[in-house]
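Down below is the structure, laid out as structure tokens.
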Ligand code: ADP
Ligand code: MG
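In the working numbering, the protein residues as written are 428 to 893.
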């Protein structure tokens, strides 16, 4: 399979709507390479040997697999994840719990050495759906008969190479034997040397093998932070746009008043910008999104609420005009850029009073963010940031039997446009929107008004230049 054929959106997976919604809320929108390759197999219950670099998102791949199969009404242990160390087990358990938030009452228990057995035994007696632990401690519980692995459906060996390197092989063998034969086994590893292959062959049943090359995750976001006085934010946005000149930008503000004000200020400077906020009529909202999607609007200014659940295609840049108070919202915002093969740009403006929210982002990532001085930005050559297209609206649609081909025909025929001057076409029941090269749009409008489409006259106009 080539890169292009691999589906990248989580929404393409056969997962429950609740689980998908939660992934989206957590800011997981586009799968990493290992997820995109492994999840279709994992969800088909195949056994798997997956090899991918550290940081490539293996945890989420198996967490989704486990939770997809899980029956919350059955309090027996249904999934077991073996990790080499307590720290890793804690991290994995944390991630599984986050992903499990879509359902009530999924219990995830960590069982590692270095903590007393007593409380662990008590927790086991209360029942747990998922166990994450180190092989040594799980083995201890087995020998005390305080754990019952006979209901395990999914067994995960995470960082198998490290577990082997730490001499856990015998424990793992014993644990595997205590699990039912009818189960799914997933082995994740950064490396997969031959001796490990031999040793683990008996654990897996006709496994699929995946190896993701380093760098296959072209999906990357470059993040820059700028400190700016609260009252200079709007000017700073214009500055960022002039410097980076992204073709499409989603700018987030915390209030809808600020959205409107910023969009108006940008337009006054000749930058093509529209404000998306909760007060818009449905029709205006749809029209605005069409304009953004078809490249008739360069900057969409939105509140988090207004942008939620929107199917906005990948944008070149996300600008956080205010820092989000909630790190998950921040991650969610910047997840809108850097999809597919492009490198996204996430630019955050931070007023001195918002430093505390940046601290939360840093704590979440366990790494400092990168600060840059606004003064270093230089406007790139060229005029103000205008969208390349303009939208032609035709007050007729599917009900009038208009199809995209008819519109292309009329535009390349009577209006004399070439195909490159015609962009995306959206046909609705009673309205069509056609993106046209902004320099050719006025001429196209006149010709269509004179000659009609398929011999029929329809009301049409150009949407106000954003
Ligand atoms: P690995 O186990 O492969 O070393 P992790 O599972 O620990 O990597 O993931 C590394 C980081 O990537 C985590 O912070 C995780 O939240 C993040 N991550 C994983 N999948 C995605 C995704 N699809 N989109 C965005 N971030 C992701
Ligand atoms: Mg890992």
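All C-beta atoms in this analysis are idealised placements derived from N, C-alpha and C, irrespective of residue type, glycine included.
Q: With residue 387 as the anchor, note down where its alpha helix (DSSP H) starts and where it stops.
A: Summary: the structure shown does not reach residue 387, with the chain confined to residues 428 through 893, and so no result is reported for it.
Q.
I'd like to confirm the pairing. Which residues does DSSP put opposite residue 883 in its beta bridges?
A. Position 456 of the chain shown, counted from the start, is the residue given in the question as residue 883. According to the DSSP secondary-structure assignment, residue 883 is paired through a beta bridge with 880.
Q. Around the C-beta of residue 557, are 16 or more other C-beta atoms found within 10 angstroms, so that it is buried, or is it exposed?
A. On the chain shown, residue 557 is found 130 positions in, with the first residue counted as 1. Only buried fits residue 557, as 16 or more other CB atoms lie within 10 angstroms of its CB.
Q) Would you report the Cα separation of residue 468 and residue 886, rounded to the nearest angstrom? A) As a working note, residue 468 is residue 41 in the chain shown. As a working note, residue 886 is residue 459 in the chain shown. Each residue's Cα considered, the two are about 51 Å apart.
Q.
What would DSSP say about residue 612, mapped onto helix, strand or coil?
A. Locating residue 612 in the chain shown gives position 185, counting from the first residue. Residue state, collapsed to three classes: strand.
Q: Measure the Cβ-Cβ separation of residue 514 and residue 487 and say whether it is below 9 Å.
A: Locating residue 514 in the chain shown gives position 87, counting from the first residue. Locating residue 487 in the chain shown gives position 60, counting from the first residue. Result no, Cβ atoms of residue 514 and residue 487 do not sit closer than 9 Å.
Q | Rounded straight-line distance, which links the Cα of residue 858 to that of residue 837 | A | Indexing the chain shown from 1 puts residue 837 at position 410. Indexing the chain shown from 1 puts residue 858 at position 431. The alpha-carbon of residue 837 is positioned some 16 Å away from that of residue 858.
Q: Please report the Cβ distance between residue 479 and residue 639, rounded to the nearest whole angstrom; I am assuming they are in contact, meaning their Cβ atoms lie under 8 Å.
A: Residue mapping note: residue 479 aligns to position 52 of the chain shown, counting from 1. Residue mapping note: residue 639 aligns to position 212 of the chain shown, counting from 1. Contact flag correct, Cβ pair sits at about 4 Å.
Q. Among all the DSSP beta bridges, which residues are the ones paired with residue 777?
A. As a first step, residue 777 is located in the chain shown; it is residue number 350 there, counting from the start. Looking at the DSSP assignment, residue 777 forms a beta bridge with 654.
(Q) Does residue 513 come out as helix, strand or coil in the three-state DSSP assignment? (A) Within the chain shown, the letter at position 86 stands for residue 513. Residue 513 carries a helical assignment under DSSP once its states are collapsed to helix, strand and coil.
**Q.** Alpha-carbon spacing of residue 879 relative to residue 725, whole angstroms
**A.** As a first step, residue 879 is located in the chain shown; it is residue number 452 there, counting from the start. As a first step, residue 725 is located in the chain shown; it is residue number 298 there, counting from the start. A straight-line Cα-Cα distance of about 30 Å links residue 879 and residue 725.
Q. Taking the beta strand (DSSP E) that residue 449 falls in, what are its first and last residues?
A. Taking the first residue of the chain shown as 1, we reach residue 449 at position 22. From DSSP, residue 449 is part of no beta strand (DSSP E) but of the alpha helix (DSSP H) over 444 to 452.
Q. How many Å lie between residue 431 and residue 551 at the Cα?
A. Translated into the one-based positions of the chain shown, residue 431 becomes position 4. Translated into the one-based positions of the chain shown, residue 551 becomes position 124. Unreliable placement is indicated for residue 431, whose pLDDT of 40 sits below 50; no coordinate value is reported for it.
Q.
Under 8 Å: does the beta carbon of residue 865 sit that close to some heavy atom of the ligand NAD?
A. For the structure depicted, the ligand NAD is absent and the ligand set comprises only the ligand ADP and the ligand MG.
Q | Reference residue 897; option with closest CA among 591, 606, 732 | A | The shown model of the chain, from 428 to 893, leaves out residue 897, and the question about it has no answer.
Q | Where residue 676 falls: helix, strand or coil (DSSP) | A | Taking the first residue of the chain shown as 1, we reach residue 676 at position 249. Here DSSP, grouped into helix, strand and coil, assigns residue 676 to strand.
Q. Does DSSP classify residue 816 as helix, strand or coil?
A. Counted from its first residue, the chain shown places residue 816 at position 389. If DSSP states are grouped into helix, strand and coil, residue 816 belongs with the strands.
Q. Ends of the beta strand (DSSP E) at residue 475?
A. Within the chain shown, numbered from 1, the residue matching residue 475 stands at position 48. Under the DSSP assignment, residue 475 falls in the beta strand (DSSP E) whose first and last residues are 475 to 478.
Q: Assign residue 842 to one of two classes, buried (16 or more other C-beta atoms within 10 Å of its C-beta) or exposed (fewer than that).
A: Stepping through the chain shown from its first residue, residue 842 is reached at position 415. With 16 or more neighbouring CB atoms inside 10 Å of its own CB, residue 842 falls in the buried class.
Q) Got a sec? Which residues, its chain only, sit under 8 Å from residue 676 by beta carbon, not counting five neighbours each side? A) As a position in the chain shown, residue 676 is number 249, starting the count at 1. Same-chain partners within the cutoff: 668, 725, 726, 727, 742, 743, 744, 745, 746.
**Q.** Nearest candidate by alpha-carbon position, reference residue 595, set 565, 824, 606, 573
**A.** On the chain shown, residue 595 is found 168 positions in, with the first residue counted as 1. For residue 595, the closest C-alpha among the options 565, 824, 606, 573 is that of 565.
Q. Where does the unbroken alpha helix (DSSP H) through residue 895 begin, and where does it stop?
A. Nothing about residue 895 can be reported from this structure: the residues present for the chain run from 428 to 893 only.
**Q.** Rounded Cβ spacing between residue 529 and residue 448 (contact assumed at less than 8 Å)
**A.** One-based indexing of the chain shown puts residue 529 at position 102. One-based indexing of the chain shown puts residue 448 at position 21. The Cβ separation is near 7 Å, so the contact holds.
**Q.** Contact test: residue 631 Cβ vs the ligand MG heavy atom, cutoff 8 Å
**A.** Locating residue 631 in the chain shown gives position 204, where the first residue counts as 1. Not one heavy atom of the ligand MG sits closer than 8 Å to the Cβ of residue 631.
(Q) For the pair the stretch 501 to 517 and the stretch 533 to 544, tell me if three or more CB-CB distances fall below 8 Å. (A) Verdict: yes, contact present.
**Q.** For residue 748, three-class secondary structure by DSSP
**A.** If you number the chain shown from 1, residue 748 lands on position 321. Secondary structure at residue 748: coil, using DSSP grouped into helix, strand and coil.
Q) How many whole angstroms separate the CB atoms of residue 679 and residue 760, which I take to be in contact at a CB cut-off of 8 Å? A) Counting from one through the chain shown, the residue named residue 679 turns up at place 252. Counting from one through the chain shown, the residue named residue 760 turns up at place 333. The beta-carbon distance between residue 679 and residue 760, rounded to whole angstroms, is 5 Å. This is short enough to meet the 8 Å contact definition.
Q. When the distance is taken between beta carbons, is residue 614 closer than 9 Å to residue 584?
A. Numbered from its first residue, the chain shown carries residue 584 at position 157. Numbered from its first residue, the chain shown carries residue 614 at position 187. Less than 9 Å divides the Cβ of residue 584 from the Cβ of residue 614.
Q.
Taking its Cβ as the centre, do 16 or more other Cβ atoms sit within 10 Å of residue 784, making it buried, or is it exposed?
A. The sequence position of residue 784 within the chain shown is 357, counting from 1. Residue 784 should be labelled buried.
Q.
For residue 717, report the span of its alpha helix (DSSP H) as first-last.
A. For the purposes of this step, residue 717 is taken as residue 290 along the chain shown, with counting starting at 1. First-last of the alpha helix (DSSP H) with residue 717: 709 to 720.
Q) Should residue 864 and residue 844 be called a contact, given that it needs their Cβ atoms to be closer than 9 Å? A) Within the chain shown, the letter at position 437 stands for residue 864. Within the chain shown, the letter at position 417 stands for residue 844. Cβ distance < 9 Å, so residue 864 and residue 844 count as in contact.
Q) What residue from 573, 578, 569 has the CA that sits closest to residue 600's CA? A) Locating residue 600 in the chain shown gives position 173, where the first residue counts as 1. Nearest C-alpha to residue 600: 569.
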